[in-house]
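Asker: Chains as they are written, first to last, in numbering that gives the first Met the number 0: chain A, 0 to 114; chain B, 0 to 114.
There are 2 protein chains.
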Amino acid sequence: MSQLDEQAFNHIAKYFQALAEPMRLKILNGLRDGEKNVTELVEISGGTQANVSKHLALLRDAKLIKRDSRGTKAYYSIADQCIYELCSLVCGQIASQMSIDVAANAAFISALKTN
Amino acid sequence: MSQLDEQAFNHIAKYFQALAEPMRLKILNGLRDGEKNVTELVEISGGTQANVSKHLALLRDAKLIKRDSRGTKAYYSIADQCIYELCSLVCGQIASQMSIDVAANAAFISALKTN
DNA sequence: ATATTACATGAGTATATAGTTATATAGAAA
DNA sequence: TTTCTATATAACTATATACTCATGTAATAT
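(1) Would Lys-72/B be called buried (16 or more neighbouring beta carbons within 10 Å of its own) or exposed?
(2) Quick check: is the beta carbon of Asp-32/B nearer than 7 Å to any beta carbon in chain A?
(3) Would the beta-carbon of Phe-8/A fall within 7 Å of that of Pro-21/B?
(4) Among Gly-91/A, Ser-76/A, Ser-87/A, Cys-90/A, whose alpha-carbon lies nearest the alpha-carbon of Glu-34/A?
(5) At a Cβ cut of 7 Å, what residues of the stretch 10-24 of chain B count as close to chain A, listed as they run along the chain?
(6) Assuming the contact rule is C-beta atoms closer than 8 Å, Gln-96/B and Lys-65/A should be a hit. Round their C-beta distance to whole Å, please.
(7) Show which residues of chain A have a CB atom less than 7 Å away from the CB atom of Lys-72/B.
(8) What in chain A is Cβ-close to Asp-79/B, meaning under 9 Å?
(9) Can you give me the Cβ contacts of Gly-45/A inside the same chain, cut-off strictly under 8 Å, excluding the 5 residues immediately before and after it?
(10) Indicate whether at least one CB of chain A lies closer than 7 Å to the CB of Lys-62/B.
(11) Name the one or two DSSP bridge partners that Ala-73/B has.
(12) Strictly below 7 Å CB to CB, what residues from chain B border Glu-84/A?
(13) Spell out whether any CB of chain A is found under 7 Å from the CB atom of Gln-6/B.
(14) If we count the other Cβ atoms within 10 Å of its Cβ and call it buried at 16 or more, is Asp-67/B buried or exposed?
(15) With 16 other CB atoms within 10 Å as the buried threshold, where does Ala-106/B fall?
(16) Looking only at C-alpha atoms, which of Arg-31/B, Ser-1/B, Ala-12/B, Thr-47/B sits nearest to Cys-81/B?
(17) Mapping DSSP to helix, strand and coil, what is Lys-62/B?
(18) According to DSSP, which residues form a beta bridge with Asn-36/A?
(19) Are Asp-4/B and Gln-92/A touching if we call contact CB-CB under 7 Å?
(20) To the nearest whole angstrom, what separates the beta carbons of Leu-57/A and Ala-17/A, a pair I think is in contact under 8 Å?
(21) Beta-carbon within less than 8 Å of Ile-99/A's beta-carbon, same chain only, minus the 5 sequence neighbours each way: which residues are those?
(22) Which class does Gly-91/B belong to by DSSP, given the choice of helix, strand or coil?
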């Protein structure tokens, strides 16, 4: 396994790691319909301000979101639209795995799908 | 945020978590061309037998791979082909983000792409 | 029966990270 | 300037998890 491959695997793992947290998925889902400031994301996610700020910093570091500071507020938005395609794939997979009533999840899952 | 949504986010996060580890990505990459037993995966990944076994158990728990025990050997194979599609998406994204020479990674990245 | 091969797993350690609390900083308003 | 609002961050705690080492278990071979 070459050094280059090692680095590539590390990068890919770090990318998935950013998506591997329910609170961060909530935040990303909250950004689906456009930019939002931190206070709005705190309300949407139900987390504390400090915790949401930290997750936003992590997501920004992973280049999944971008920050636009206007006045005293910080507006975050999706930097990488393929996030939703990833989630859509995973949702489809999970839905087909789970033996629960898929129809019950239809609204949510279709909301997570980009196309 | 409904209880159903909470569960869904947890599921999706857990799925990504399974992919968020370089050693597991190596193992999954090693399974790209078909089933392999543990010893083979140990060689391919460069990990210890104990550690590879544990990662295999985790991947199986996440339903990404399946196990077929034949004689004294355990053959693992991909249970969820969409893994590679996920990796392909992430690879493309990372490649376009990184300011490194993409051509240098071409072989690896194309190897990770399903189509 | 004993040994060997292949794999799984428990115990223990080290590290990473999610969350909380308190505080810092920066812009806007009074 | 002082105050208020919005956000970021440091310090800390708790938990999860990656890894190693040792051992357990099961199938095969001698």
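From the three backbone atoms N, C-alpha and C, an ideal C-beta is built for every residue, glycine too.
Answerer: Working from what's here:
(1) Here residue 72/B refers to the residue found at position 73 of the second sequence. By the 10 Å Cβ count, Lys-72/B comes out exposed.
(2) Here residue 32/B is taken as the residue at index 33 of the second sequence, counted from 1. Chain A contact via Cβ: absent.
(3) Position 9 of the first sequence holds residue 8/A. Position 22 of the second sequence holds residue 21/B. Yes, the pair counts as a contact, with Cβ atoms nearer than the cut-off.
(4) Stepping through the first sequence from its first residue, residue 34/A is reached at position 35. Of Gly-91/A, Ser-76/A, Ser-87/A, Cys-90/A, the residue nearest in Cα terms is Ser-76/A.
(5) His-10, Ile-11, Ala-12, Tyr-14, Phe-15, Gln-16, Leu-18, Ala-19, Glu-20, Pro-21, Leu-24
(6) Counting from one through the second sequence, the residue named residue 96/B turns up at place 97. Counting from one through the first sequence, the residue named residue 65/A turns up at place 66. 12 Å between Cβ atoms; not a contact.
(7) Taking the first residue of the second sequence as 1, we reach residue 72/B at position 73. Residues of chain A passing the Cβ test: none, with the nearest at roughly 23 Å.
(8) Locating residue 79/B in the second sequence gives position 80, where the first residue counts as 1. Ordered by position in chain A, the residues that pass the 9 Å Cβ test against Asp-79/B are Gln-92, Gln-96.
(9) Translated into positions along the first sequence, residue 45/A becomes position 46. Closer than 8 Å at Cβ, skipping near neighbours: Lys-25.
(10) Along the second sequence, one-based indexing puts residue 62/B at 63. Chain A, which has a Cβ nearer than 7 Å to the Cβ of Lys-62/B, makes this yes.
(11) The sequence position of residue 73/B within the second sequence is 74, counting from 1. Beta-bridge pairing links Ala-73/B to Ser-68/B.
(12) Numbered from its first residue, the first sequence carries residue 84/A at position 85. Within chain B, the residues near Glu-84/A are Leu-88.
(13) For the purposes of this step, residue 6/B is taken as the residue at position 7 of the second sequence. No - not a single Cβ of chain A is within 7 Å of the one on Gln-6/B.
(14) Stepping through the second sequence from its first residue, residue 67/B is reached at position 68. Exposed.
(15) Taking the second sequence and counting its residues from 1, the one referred to as residue 106/B is at position 107. With a pLDDT of 44 at Ala-106/B, under the threshold of 50, the modelled position of that residue is not reliable, and no figure is offered here.
(16) For the purposes of this step, residue 81/B is taken as the residue at position 82 of the second sequence. Cα-wise, what sits closest to Cys-81/B is Arg-31/B.
(17) Residue mapping note: residue 62/B aligns to position 63 of the second sequence, counting from 1. In this structure, Lys-62/B counts as coil in the three-state DSSP scheme.
(18) To locate residue 36/A, count along the first sequence from 1; it is residue 37. Paired residues: Tyr-74/A.
(19) Taking the second sequence and counting its residues from 1, one reaches residue 4/B at position 5. Taking the first sequence and counting its residues from 1, one reaches residue 92/A at position 93. No.
(20) Mapped onto the first sequence, residue 57/A falls at position 58. Mapped onto the first sequence, residue 17/A falls at position 18. So it is a contact: roughly 6 Å between Cβ atoms.
(21) The residue labelled residue 99/A in the question sits at position 100 within the first sequence. Unreliable placement is indicated for Ile-99/A, whose pLDDT of 46 sits below 50; the coordinate value is still reported in the next sentence. So the list is empty, once near-sequence residues are dropped.
(22) In the second sequence, residue 91/B corresponds to position 92, counting from 1. Three-state DSSP puts Gly-91/B in a helix.
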